[in-house]
Amino acid sequence: MSLPELVARARSGDRDALEDLLGVIRPLLVRRCSRFLPHIDDAEEAAQDALVAIARNLNGYTGSGSFEGWVTVIASNRARMTYRRLRRRAVESGAAELPETADPRTTSVVAGTRLDLMEALTELERSKPQVVEPFVLRDLGSLPYDEIAVITGTSLATVRERIHVARKFMRSALITKL
């Protein structure tokens with residue numbers, strides 16, 4: 024059965040189709056979440072949260088963009104929420120304050136890069152929240168510009184401008200961390 028057929032059947036209340044749909048998209052969600060989170064267990068947790076959110080809100084998918092784009096938005100939001108929760112928990116537990124940059128002696132290059140990326144995304148979200156979603160969908164979710172315009176409800180020119188602004192900010196934020 025094709026993905027659009029699974030989505031339609033799951034939206035109509037077919038529990039088997041919903042279970043199949045969640046099984047089909049789970050690897051995609053884990054991949055999307057692992058782009059944000061350095062540890063696979065954390066990515067799995069965020070993906071599981073995304074699966075629950077998708078199952079609960081499947082009727083919120085309007086079909087105006089691709090289903091993959093819709094689940095990418097949910098997965099990236101859940102991954103960012105998981106990162107913030109983990110960071111807050113580390114601070115609240117009395118752990119030593121988290122370093123501004125990853126320690127290369129104890130952190131893999133990939134994990135350190137992801138931590139730096141999440142810190143820069145957090146800064147971007149604080150200073151320019153309107154550019155975060157298009158940036159995440161394009162550069163981390165690999166969605167085409169026209170689909171991002173549909174998902175965000177903005178023009179193609181606005182999407183391009185927001186991604187440009189976000190990339191410029193991220194480039195500057197990440198270069199200063201080196």
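Per the working numbering, residue 24 is the first one in the sequence shown, and the count goes up by one each step.
Even for Gly, the Cβ is constructed at its ideal location relative to N, Cα and C.
For residue i, which three-state DSSP category applies?
i	result
G176	coil
K191	helix
T95	helix
M24	coil
L45	helix
D37	coil
P167	coil
N80	coil
L74	helix
S57	helix
S116	coil
Answer yes or no: do residue i and residue j have a C-beta to C-beta separation smaller than 8 Å?
i	j	result
L160	T95	yes
A102	A78	no
E184	S89	no
L51	E91	yes
R32	L81	no
A189	V154	yes
V173	S87	yes
T105	D64	no
Please return the same chain residues whose Cβ sits closer than 7 Å to the Cβ of residue i, not counting the five positions on each side in sequence.
i	result
R137	F59, L60, P61
A143	M193, A196, L197
Would you mind giving the Cβ-Cβ distance between residue i and residue j, rounded to the nearest angstrom? I have them listed as a contact below 8 Å.
i	j	result
V53	E67	6 Å
For residue i, I'd like the list of residues in its chain whose CB is within less than 6 Å of its CB, leaving aside the five on either flank, ordered along the chain.
i	result
I186	P157, F158, R161
Y84	W93
Please work out which residues of its chain come closer than 8 Å, Cβ to Cβ, to residue i, disregarding the five sequence neighbours upstream and downstream, and give them in chain order.
i	result
R49	A70, L74
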